[in-house]
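Let me begin by presenting the structure, written as structure tokens, before commenting on it.
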Amino acid sequence: MTPDIIILNGALMTFDDAHSDATALAVRGGQITAVGSDTEISALAGEHTRKIDAGGATVLPGFIDSHVHLFGGSVELSCLNLYGLSGLEAMKSAIRPYASANPDDDLVFCVMADYDILGTGHTLTRHDLDQILKERPLAMFAPDHHTVWANTAALRKAGLLEGGEVDAGSEIVMGEDGLANGELLEPGAYGPVLDMTRHKGREMLGLTTGKDPVPPATPAEREMDKDVIEKGLHHCAAQGITSLHLMDGNTYQLELLSELEAEGRLVCRCEVPFHFKGTDPLERLTREAPEMRARFQGDKVRCNHLKMFIDGVVESGTALMLQPYPGDMGADGNTGDEVFTQAHFVAACIEADRLGFQIAVHAIGDAGVRRTIDAYQAAQEANGKRDSRHRIEHLEVMHPDDIPRLAELGIVASIQPGHAPCGHIFPPGAVGQYLHDHQLAGAYAWQDIRRSGARVIFSTDWPVIPVDVMPNVKAAVAPLDLGEGWPDQTQSLTDTLASYTKDNAWVEFREDRKGCLKPGMMADIAIMSHDLTALAPENVTDAQTVMTICDGRVTYERSADAT
Numbered sequence: 000m001t002p003d004i005i006i007l008n009g010a011l012m013t014f015d016d017a018h019s020d021a022t023a024l025a026v027r028g029g030q031i032t033a034v035g036s037d038t039e040i041s042a043l044a045g046e047h048t049r050k051i052d053a054g055g056a057t058v059l060p061g062f063i064d065s066h067v068h069l070f071g072g073s074v075e076l077s078c079l080n081l082y083g084l085s086g087l088e089a090m091k092s093a094i095r096p097y098a099s100a101n102p103d104d105d106l107v108f109c110v111m112a113d114y115d116i117l118g119t120g121h122t123l124t125r126h127d128l129d130q131i132l133k134e135r136p137l138a139m140f141a142p143d144h145h146t147v148w149a150n151t152a153a154l155r156k157a158g159l160l161e162g163g164e165v166d167a168g169s170e171i172v173m174g175e176d177g178l179a180n181g182e183l184l185e186p187g188a189y190g191p192v193l194d195m196t197r198h199k200g201r202e203m204l205g206l207t208t209g210k211d212p213v214p215p216a217t218p219a220e221r222e223m224d225k226d227v228i229e230k231g232l233h234h235c236a237a238q239g240i241t242s243l244h245l246m247d248g249n250t251y252q253l254e255l256l257s258e259l260e261a262e263g264r265l266v267c268r269c270e271v272p273f274h275f276k277g278t279d280p281l282e283r284l285t286r287e288a289p290e291m292r293a294r295f296q297g298d299k300v301r302c303n304h305l306k307m308f309i310d311g312v313v314e315s316g317t318a319l320m321l322q323p324y325p326g327d328m329g330a331d332g333n334t335g336d337e338v339f340t341q342a343h344f345v346a347a348c349i350e351a352d353r354l355g356f357q358i359a360v361h362a363i364g365d366a367g368v369r370r371t372i373d374a375y376q377a378a379q380e381a382n383g384k385r386d387s388r389h390r391i392e393h394l395e396v397m398h399p400d401d402i403p404r405l406a407e408l409g410i411v412a413s414i415q416p417g418h419a420p421c422g423h424i425f426p427p428g429a430v431g432q433y434l435h436d437h438q439l440a441g442a443y444a445w446q447d448i449r450r451s452g453a454r455v456i457f458s459t460d461w462p463v464i465p466v467d468v469m470p471n472v473k474a475a476v477a478p479l480d481l482g483e484g485w486p487d488q489t490q491s492l493t494d495t496l497a498s499y500t501k502d503n504a505w506v507e508f509r510e511d512r513k514g515c516l517k518p519g520m521m522a523d524i525a526i527m528s529h530d531l532t533a534l535a536p537e538n539v540t541d542a543q544t545v546m547t548i549c550d551g552r553v554t555y556e557r558s559a560d561a562t
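If you read the sequence shown in numbering that gives the first Met the number 0, its first letter stands for residue 0, the second for the next number, and so on.
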């Protein structure tokens with residue numbers, strides 16, 4: 000049948016050995032119908048076929064970002080971004096005009112505030128923020144979204160100024176005066192502050208609780224939430240992204256995405272997890288998770304995995320480590336914060352595995368990663384070995400002895416290259432100060448993990464870093480040299496792009512439907528501005544997406560005058 004679209008003159012990266020030399024493809028009705036030479040594909044065109052000249056640039060499967068927080072990332076596109084700012088005066092110069100321009104906001108909310116925004120060793124407190132805004136509530140997110148800093152007015156309005164009870168693994172840090180000092184560690188502590196954002200915290204509920212809004216969102220609020228998510232989806236499509244794996248989940252988000260799909264406004268496929276917290280009883284998983292999965296099983300909106308946290312992050316001293324942190328952070332023997340008791344965590348993994356869920360666990364410290372591996376092994380021993388494709392998210396610090404266990408147990412390493420200190424995004428010296436010298440051998444060990452035989456997939460964890468694909472690719476193929484003690488973990492371009500496309504399709508059990516360019520596959524395609532293989536690794540960010548096609552529909556097209 001006559002194609003809707005044909006793409007010609009491309010440097011196709013098909014990830015299909017049968018069509019490794021192809022330069023063109025045809026699309027009809029949401030599927031790739033033919034792949035071959037320009038001559039072969041041109042002959043298929045009809046009067047109404049759209050012909051796209053790739054200009055010799057790379058054409059590859061649509062990018063799949065396998066770890067994002069879509070709702071929160073979409074909302075944060077309009078928040079004040081403090082990335083790269085340093086010092087109180089710079090903060091005043093940015094925040095005060097923003098606050099004046101948004102007089103109706105209940106909370107002046109900023110994002111991407113570096114842990115060392117006031118200099119190394121200076122912890123941001125409410126007293127610092129009071130110097131910027133004293134009367135209006137002000138709060139800011141750390142890039143990793145594990146810490147919020149709030150001024151006195153925000154703490155008072157949220158009911159946190161005098162402290163309060165929090166979930167295990169969370170902390171309202173108290174000052175010597177007996178009042179909260181402004182530092183709120185983990186969702187169980189900062190949730191009440193997020194309730195004051197423009198979306199009243201609905202954008203973070205899938206992360207903080209995994210529950211739906213109470214009271215339910217009004218019709219006007221639902222439309223507001225859908226509108227902001229749609230903007231976020233279009234932002235993703237502009238990066239060549241055709242699929243997203245969300246790592247915060249609730250029924251509310253699934254409903255919003257399903258409504259967007261019904262309205263023809265969903266431009267990326269979305270997988271949404273069931274989020275299970277350390278404070279949840281096992282019965283919640285058994286009762287609610289299968290119902291949520293059964294309800295959402297479409298090609299564009301689907302629930303298939305379960306998300307948990309085992310620890311926090313290195314920079315706040317909440318990632319679980321096998322020994323106390325060095326320096327002041329390790330005072331009093333601090334080895335991080337336990338989000339789950341290990342017994343409850345193992346039981347949850349066994350039950351989720353029994354129910355046939357794929358499991359994704361945030362684990363950053365070497366002890367957190369080991370606990371997760373142990374739990375996956377326990378699930379395999381309890382339920383028998385199956386093709387589970389369970390994932391560990393981040394695994395930023397591993398004990399070298401644990402690396403071979405990933406392949407042995409079939410565990411997938413879900414990695415975000417741009418998070419690393421060598422990734423050109425965060426300060427290169429930031430994380431190293433919180434690690435012992437001997438831990439560097441297993442830190443951000445991408446290539447060591449790959450060499451072990453474990454499957455490696457790449458993502459951004461947007462909005463922790465931008466969802467932009469090419470800077471994340473650069474982090475993998477041209478990482479900074481951090482000096483002595485840091486092994487070289489440079490990735491090849493082919494491995495990196497596979498981990499962003501083919502392997503991310505595999506990890507969602509859809510390798511037979513997407514992730515490569517061959518007949519019969521979903522027509523999810525990205526066309527780049529350059530031949531990526533012809534660029535030096537350090538210049539790979541010269542390339543941009545010029546067109547994105549999802550389900551056979553053009554979801555992004557760069558204007559002719561775009562630079």
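Think of the CB as a built atom: it goes at the ideal place given N, C-alpha and C, for glycine as much as any other residue.
Predicted, not measured: the structure shown is a model, and the values here were computed from it.
Just measuring C-alpha positions, the residue of Pro399, Glu395, Ile410 sitting nearest tyrosine 375 is Ile410.
For the pair alanine 153 and leucine 137, the CB atoms are nearer than the 8 Å cut-off.
No Cβ-Cβ contact shorter than 8 Å links proline 280 with leucine 305. Partner residues in the beta bridge of tryptophan 461, as assigned by DSSP, are Val67. With the rule of 3 Cβ pairs closer than 8 Å, the segment 376–383 does not count as touching the segment 319–328. For a cut-off of 8 Å, the C-beta gap from valine 539 to methionine 469 is around 6 Å, short enough to register as a contact. Within the same chain, Cβ atoms closer than 7 Å to the Cβ of proline 518 are found at Ile31, Thr32, Ala33, Val34, the five residues on either side in sequence being excluded. DSSP places methionine 246 outside both helix and strand once states are collapsed to three, so it counts as coil. DSSP places glutamine 130 outside any beta strand (DSSP E), giving it a letter other than H or E.
With 16 or more other Cβ atoms inside 10 Å of its own Cβ, tyrosine 114 counts as buried.
Annotation: serine 413 is outside any alpha helix (DSSP H); the continuous beta strand (DSSP E) that includes it extends over 411–414. Under the 8 Å Cβ criterion, the segment 120–133 counts as touching the segment 82–96, having at least three qualifying pairs. Contact between phenylalanine 62 and glycine 239 is confirmed by a C-beta separation of about 5 Å, below the 8 Å threshold. Residues of the same chain with a CB within less than 8 Å of the CB of isoleucine 5, apart from the 5 flanking positions on each side, are Ala23, Leu24, Ala25, Val26, Ile40, Ser41, Leu43, Ala44, Thr48, Arg49, Lys50, Ile51 in chain order.
According to DSSP, residue pairing for proline 60 in a beta bridge involves Ile524. Non-local C-beta neighbours of histidine 144 in its own chain, meaning closer than 8 Å and more than five positions away in sequence, comprise His68, Gly71, Leu206, Pro462, Val463, ordered along the chain.
DSSP places tyrosine 433 within a helical segment (H, G or I) once states are collapsed to three. Scanning the segment 139–174 from its first residue to its last, the whole alpha helix (DSSP H) runs of 4-plus residues come out as 151–157. The Cβ neighbour count for histidine 198, taken over all protein chains shown within 10 Å, is at least 16; the residue is labelled buried. For glutamate 134, the closest C-alpha among the options His126, Phe140, Ala141 is that of His126. A distance of 8 Å or more separates the beta carbons of isoleucine 358 and aspartate 310.
When DSSP states are grouped into helix, strand and coil, tyrosine 555 belongs to the strand group. Taking each of Lys276, Gln252, Asp352, Arg292 in turn and checking the Cα distance to histidine 361, the smallest one comes out for Lys276. The beta carbon of aspartate 224 lies closer than 7 Å to those of His198, Arg201, Ala216, Leu255 in the same chain, with the five residues before and after it left out.
An exposed status is given to arginine 353, since fewer than 16 other beta-carbon atoms sit within 10 Å of its beta-carbon. Fully enclosed alpha helix (DSSP H) runs of no fewer than 4 residues occupy 492–499, 501–506 of the segment 491–546, in order along the chain. Take the alpha-carbon of serine 387 and the one of glycine 355: they are about 8 Å apart. Contact between alanine 347 and leucine 284 holds, with the beta-carbon distance rounding to 6 Å and staying under 8 Å. Residue nearest to aspartate 37 within the set Gly29, Asp16, Ala10, Leu160 is Ala10 (criterion: CA-CA distance). Assignment of histidine 18 by DSSP, reduced to helix, strand and coil, places it in the helix class. The Cβ neighbour count for glutamine 341, taken over all protein chains shown within 10 Å, is under 16; the residue is labelled exposed. In the three-state reduction of the DSSP assignment, lysine 384 falls in the coil class. In the same chain as methionine 173, and ignoring 5 residues on each side of it, the C-beta atoms closer than 7 Å to its own belong to Gly162, Ala179, Asn180, in chain order.
The criterion of a C-beta distance shorter than 8 Å is not satisfied by asparagine 471 and serine 65. Pairing aspartate 327 with glutamate 290, the inter-Cα distance amounts to about 46 Å.
Phenylalanine 273 carries a strand assignment under DSSP once its states are collapsed to helix, strand and coil.
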